[in-house]
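To start, the structure itself, in structure tokens.
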Amino acid sequence: MHRLFVALRPPPAIRSLLLAATGVGMPGIRWQDDEQLHLTLRFVGAVERQQAEDVAAALSGIVAPMPEVRVDGVGSFEKRGRTDTLWARIVPADTLTALHRKVDQALGRAGIAPDPRRYLPHVTLARVARGGGDPVAIGRWLADHAALSTPPFALAHVVLYESHLGAEGARYEAVARWPLG
Numbered sequence: 076m077h078r079l080f081v082a083l084r085p086p087p088a089i090r091s092l093l094l095a096a097t098g099v100g101m102p103g104i105r106w107q108d109d110e111q112l113h114l115t116l117r118f119v120g121a122v123e124r125q126q127a128e129d130v131a132a133a134l135s136g137i138v139a140p141m142p143e144v145r146v147d148g149v150g151s152f153e154k155r156g157r158t159d160t161l162w163a164r165i166v167p168a169d170t171l172t173a174l175h176r177k178v179d180q181a182l183g184r185a186g187i188a189p190d191p192r193r194y195l196p197h198v199t200l201a202r203v204a205r206g207g208g209d210p211v212a213i214g215r216w217l218a219d220h221a222a223l224s225t226p227p228f229a230l231a232h233v234v235l236y237e238s239h240l241g242a243e244g245a246r247y248e249a250v251a252r253w254p255l256g
């Protein structure tokens, strides 16, 4: 089985700015490293080899403008009343939402069901361990980084990644890439 997702990769200078915003000394929080920073367009999930090839073929036909975006603040996702993810917001959302829809449609042609969730463009910066993470420290980090921003930057490629899960977290391997614009 191949665990796949479709994403955009910010340029190195932007990833460096995002990494500089990560916290230190926050127990129970696993900060993403440079190789893990991406903007997910669509999680595919575990698929057999043939369907993975169908996914790649469908994605290769996407035609879309190269989005120019910027980081504008931070936020968090919660699960069962506790913070489980810290992220950086990416704006403007409209171009990325349109690209998300195109990816969703392409994946539909490969037999992948549509994503029922509302799309929120973001780059995950940290995962909070189950039962971990001091809510006060998390709140302080969110407040301290509320104004996080970057200059505008272009996202030049749609990338199909395979995720390999391990004890140290996920490792992402780019398996195919297609230019935008």
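Counting in this note's numbering, the final residue of the sequence shown is number 256, and the numbers go up one at a time with none missing.
Where a beta carbon is used, it is the ideal one built from N, C-alpha and C, also for glycine.
Contact annotation: tryptophan 162 and leucine 112 have beta-carbon atoms that are not nearer than 8 Å. Along the length of the segment 225 to 255, whole alpha helix (DSSP H) runs at least 4 residues long do not occur.
Beyond the five residues adjoining it in sequence on each side, valine 166 comes within less than 7 Å, by CB distance, of Val144, Arg145, Asp147 in the same chain, given in chain order. Taking each of Gly208, Gly136, Ser135 in turn and checking the Cα distance to glycine 156, the smallest one comes out for Gly208. Looking at the DSSP output, tryptophan 106 sits in a beta bridge with Ala201. Here the alpha carbon of alanine 131 sits roughly 32 Å from the alpha carbon of proline 226. Ranking Thr97, Val119, Ser135, Ile137 by CA distance to the CA of valine 198 puts Thr97 first. When the five nearest sequence neighbours on each side are left out, the beta carbons in the same chain lying within less than 6 Å of the beta carbon of arginine 246 are those of His239, in order along the chain. Leucine 195 and alanine 231 have their C-alpha atoms some 19 Å from each other. Using a Cβ distance threshold of 8 Å, aspartate 109 and glycine 186 do not count as a contacting pair. Under DSSP, threonine 115 forms a beta bridge with Ala82. Restricted to the segment 154 to 212, the beta strand (DSSP E) segments that are unbroken, complete and at least 3 residues in length are 157 to 166, 197 to 203, listed in chain order. Contact check for isoleucine 213 against serine 151 passes: the beta carbons are separated by less than 8 Å. DSSP links arginine 145 through a beta bridge to Val166.
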